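Read left to right, the sequence shown gives residues 1 to 54 (this note's numbering). Heads up, the beta-carbon is just placed ideally off N, CA and C, and yes, glycines get one too. All of these numbers come straight from a predicted model, not from anything done at the bench.
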Amino acid sequence: MDHRRSSQLPVFAAHVAAGRHPALLDTCEKLADSITDAVHDGSLDVADRVVRDG
């Protein structure tokens, strides 16, 4: 299996090195943390959830 692209991203590279296939990862923990930080510091706005019928 070719994991060369995964090795370019440190978090994914660590998972690959631990024997996990990158396609089975739900998300990048660093990305999730970065988004959370941006929401908390106000640099990223989150729209209100809109529930639609139908």
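Simplified DSSP assignment, three categories, for residue i
i, result
"ASP26", "coil"
"HIS40", "helix"
"ASP45", "coil"
"HIS3", "Since pLDDT at HIS3 reaches only 48, below the 50 mark, its modelled position is unreliable, and the value read off the structure follows with that caveat. Correct three-state label for HIS3: coil."
"LEU31", "helix"
"HIS15", "helix"
Cutoff 8 Å; reference residue i; Cβ partners in own chain excluding five residues on either side
i, result
"VAL46", "VAL39"
Sequence-distant residues of the same chain with beta carbon closer than 6 Å to residue i, five excluded per side
i, result
"LEU44", "ALA38"
"CYS28", "VAL11"
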